[in-house]
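J.: Position 62 (the sequence shown) corresponds to 62 in the UniProt record's numbering; numbering is contiguous.
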Amino acid sequence: MASQKTSVFMNGRSQAVRIPANLRLQGKQVYIRRDPHTGDIVLTEPSRKRSLKDVLDAIASDPFPEDFLAERNQGELKERESL
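1) Just list the residues that DSSP pairs R33 with in beta bridges.
2) Distance, Cα to Cα, S47 vs V30?
3) Using beta-carbon positions only, say whether A16 and V8 come within less than 9 Å of one another.
4) Among the residues of its own chain, which have a CB less than 7 Å from the CB of E79, if the five just before and after it don't count?
5) Per DSSP, what kind of secondary structure is A2 in: helix, strand or coil?
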């Protein structure tokens, strides 16, 4: 998505940003941080709570490929003392 220019204004002693309607936020809070490398300010919406069913449905709708982690290096199997 391309960036959009918007306005910054004062609201009492705080600075506020007008968010265009097509980027309207769902909740009442956001996270804000300054990127340490670029100095850019980044707004992030808190993620919504998801149930285990939501997670399982997401995995089922886009399953892992057959060769997923096929070439991972697990190292040697070491014999351990039995419990």
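All C-beta atoms, glycine included, are put in the ideal place defined by N, C-alpha and C.
Everything numeric in this text was worked out from a predicted model, so none of it was measured.
T.: So, from the listed chains and residues:
1) Beta-bridge analysis with DSSP links R33 to V42.
2) 10 Å
3) yes
4) Closer than 7 Å at the Cβ level, and outside the excluded window around E79, lies no residue.
5) coil
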